[in-house]
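Residue numbers (our numbering): 501 to 584.
Think of the CB as a built atom: it goes at the ideal place given N, C-alpha and C, for glycine as much as any other residue.
This report concerns only the one structure given below.
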């Protein structure tokens, strides 16, 4: 059974993910149909970032996965046998 701290962290991550999903969905799907001078535009980043942020996040994810795999393979390698 998970402890209260584990559950709290889990709920926090789910809430953060939900807020991020709703923000990004409004930013990408709904905002282009609202006039550019509307007050809601001040709460969102410029549209260029809607592409830049996911690309950078994806590249960082690939980088961290690659580094993790490299470290695991490096630690699990067996020393080469010397022939006498």
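Give the DSSP-derived three-state secondary structure of residue i in the structure shown.
| i | result |
| --- | --- |
| residue 503 | coil |
| residue 583 | coil |
Can you tell which of the options has its C-alpha closest to the C-alpha of residue i?
| i | options | result |
| --- | --- | --- |
| residue 546 | 531, 555 and 556 | 531 |
| residue 540 | 553, 549 and 526 | 526 |
Subject >> Contiguous alpha helix (DSSP H) assignments of at least 4 residues, all confined to the stretch 517-577 >> reply: 549-576
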